[in-house]
Amino acid sequence: MKTLIILTHPNIENSVTNKRWIEELEKYPNNFDIHQLYKVYPDEKIKVIAEQKLMEKYNKIIFQFPLYWFSSPPLLKKWFDEVLIYGWAFGSKSGYKLENKKIGLAISAGATEDNYSLKGEYKHTLKEILVPFELTFKYVKANYHPYFVNYGADSDTQSEVIEESTRKYFFFVNAF
Ligand SMILES: Cc1cc2nc3c(=O)[nH]c(=O)nc-3n(C[C@H](O)[C@H](O)[C@H](O)COP(=O)(O)O)c2cc1C
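The numbering used here puts the first residue of the sequence shown at 1, with every later residue one more than the last.
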């Protein structure tokens, strides 16, 4: 069973980290299907039924995105609002279509790990910042798993650092 990677990056052409991660996963089409929301929906008009049918085909789904204003880029929020609806994602006998599916997050953050410590600049951890995602997945009874994160994505752009994060991400998705 393949893992579905839902990538939400508004500017993947100029991306360093997410672009490299996806390039690596694309080498293994038997293991991963990559669904790039901004590429599929450049006009941001999401085809809700198509998205729901796609999700139904997978038991393992990873949402990959760069952290934007301590959250996801906006198309992913729109995707949650429009795709995770009553009668499909929750709230009726035929709902809860994501029940027990393994769902995770893969995030690149421009700021450092130290920034995201309780004593650091933001005084909040990434786990705290990601609570809305955690609760969303719990609400729809999915099996939410700990996230993968690469901190310092804007400062540590040397190729060996990117390659190291790519190796770690590859390990995460394979063990997922
Ligand atoms: C609009 C915008 C908002 C951002 N907000 C955050 C943020 O809240 N926290 C953070 O750590 N990085 C933030 N960043 C930095 C991005 O997370 C970082 O550039 C990205 O993860 C790098 O990955 P990429 O090379 O794939 O684009 C922001 C960047 C942009 C463009």
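Heads up, the beta-carbon is just placed ideally off N, CA and C, and yes, glycines get one too.
Residue i CB to nearest heavy atom of ligand 1 below 6 angstroms
{"i": "T17", "result": "yes"}
{"i": "A109", "result": "yes"}
{"i": "K68", "result": "A small correction: the amino acid at residue 68 is Tyr; Lys does not occupy that position in the sequence shown. Correct: Y68 has its Cβ closer than 6 angstroms to ligand 1."}
{"i": "D154", "result": "yes"}
Pair within 7 angstroms by beta-carbon distance, residue i and residue j
{"i": "I6", "j": "F63", "result": "yes"}
{"i": "E82", "j": "V48", "result": "yes"}
{"i": "L4", "j": "I61", "result": "yes"}
CB-CB length for residue i against residue j, believed under 8 angstroms
{"i": "H145", "j": "K97", "result": "H145 to K97, Cβ: 18 angstroms. No contact."}
{"i": "G104", "j": "F32", "result": "Between F32 and G104 the Cβ distance is about 13 angstroms, and since that is not below 8 angstroms, they are no contact."}
{"i": "A106", "j": "F172", "result": "7 angstroms"}
Residue i, DSSP secondary structure in three states
{"i": "K138", "result": "helix"}
{"i": "K102", "result": "strand"}
{"i": "S71", "result": "strand"}
{"i": "T112", "result": "coil"}
{"i": "F172", "result": "helix"}
{"i": "T3", "result": "strand"}
{"i": "N11", "result": "coil"}
{"i": "N30", "result": "coil"}
{"i": "K47", "result": "coil"}
Review point. Do three or more CB pairs link the segment 160–173 to the segment 125–139 at distances below 8 angstroms?
Key: no
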